[in-house]
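Everything in the sequence shown is counted per numbering that gives the first Met the number 0, starting at 0 for the first residue and increasing by one. We treat Cβ as the ideally placed atom computed from N, Cα and C, and that holds for glycine. Working notes, beginning with the structure itself.
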Amino acid sequence: MSDYKKLLELLPPTSPDAVSIRRSLAALPPRVESAQKRETAEMLDKLKGLGNSLLVSEEDRPERA
């Protein structure tokens, strides 16, 4: 996102590229948020799986005297 902002600083406001960059910059935050939510959900699922595998492993162990 900082790259887009830097490009806007460097380009003249009337540049056709500036219009495209502004449009892309406006569309970026929702996409970033969506990706963060997806990655967080994936990480939590993996952690749950790890926790469940540890619990199953504990149940399979013989009791100690």
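Simplified DSSP state of residue i, which is helix, strand or coil
i: P15; result: helix
i: L43; result: helix
i: L10; result: coil
Integer-rounded CB distance, given that residue j should sit under 8 Å from residue i
i: D16; j: L10; result: 6 Å
Nonlocal neighbours in the same chain, by C-beta distance under 8 Å from residue i, ignoring five residues either side
i: R21; result: L7
Chain-order list of residues whose beta-carbon lies under 6 Å from that of residue i (same chain, five-residue window excluded)
i: L27; result: M0
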